[in-house]
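K.L.:
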Amino acid sequence: MGLRYSMIVKDLTLAYRLGTTHHLSPLLMKARRLGLTTPEDLERLAVARGLRYYSQPGETDRLREEASTYPASIGNPSVKQFSNEDLAISLLSLNWPFSQNRLRMGAAMLAATGVSPQRLARLAYQERCESVLFHIAQCGQKVEPDQSFWTALLNEIPSAKTYPPDVLPHLTRFVTMTGFTRRGKETLMQWIRPLPVLSA
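Position 68 (the sequence shown) corresponds to 67 in numbering that gives the first Met the number 0; numbering is contiguous.
Set out below in structure tokens:
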């Protein structure tokens, strides 16, 4: 029963969907030491760090309240303990069960203020998810061609493998879109990213 369950779980992972293997993840081990033991813990941390686009009504206030009462040791590490680069790449981990929403959250955290393209690339190499990062960076460059961040990130991972568009989220899943602007009817895309977190 245990072996069968383990095989079913592996068949549901992002690694399985991409046709690759699992590995022992140093980043997820670090996350677990800090109390981030499930993918949902990482998602909650992303919302607490300003990714309000994915929060339910009232969720952000609840997370901020929890952050003020729970010690870091049970899942609320500071940015110094677990950087936004750490958080973004851990959300993109191949070891988690496949989730389009989690990949979208990871893509949003990549664009957090102050994130280092070089550190992201190093972590992605360590975690064997360079191809996922490359796909997202290509999407980011198409949406925001004037943002040097995406170009710098692509320059750090130039040889990553690409996948068919039905495996990883389409570009439109990483953005907000509007059909009307002050200029009239037009399609305007904006990359979803965390907002500044206000002090309590």
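Just so you know, even glycine gets a beta-carbon here, dropped at the ideal spot from N, CA and C.
1) Who are the near neighbours of Leu-194 in its chain, counting only those whose CB is closer than 7 Å to its CB and skipping five residues on each side?
2) Can you tell me which residues form a DSSP beta bridge with Leu-187?
3) I'd like to check one pair, Thr-171 with Ile-191: are the Cβ atoms closer than 9 Å?
4) Kindly indicate which residue of Ala-111, Arg-31 and Thr-177 has the alpha-carbon position closest to the one of Trp-149.
5) Which class does Thr-161 belong to by DSSP, given the choice of helix, strand or coil?
6) Could you give the residue range of the alpha helix (DSSP H) that holds Leu-91?
7) Looking only at its chain, what residues have a beta carbon closer than 7 Å to the beta carbon of Glu-155, apart from the 5 residues adjacent to it on each side?
8) Taking a contact to mean a Cβ-Cβ separation below 9 Å, would you say Leu-26 touches Leu-152 in this structure?
9) Kindly identify the DSSP beta-bridge partner or partners of Thr-214.
10) Asn-83 to Gly-113, Cα distance in whole Å?
11) Sort Cys-128, Ala-136, Ala-30 and Asp-40 by Cα distance to Leu-17 and report the nearest one.
12) Under 9 Å between C-beta atoms, does Val-142 make it to chain C?
13) Given this structure, state the Cα-to-Cα distance separating Lys-160 from Arg-32, to the nearest angstrom.
P.N.:
Working from what's here:
1) Gly-49 and Arg-51
2) Thr-177
3) no
4) Ala-111
5) coil
6) Premise fails: Leu-91 is in no alpha helix (DSSP H) and is neither H nor E.
7) Here the set comprises Pro-116, Gln-117 and Ala-120.
8) no
9) Examination of residue 214 is not possible in this model, given that the chain is present from 0 through 199 alone.
10) 9 Å
11) Cα-wise, what sits closest to Leu-17 is Cys-128.
12) The structure shown contains no chain C; it is built from a single protein chain.
13) 31 Å
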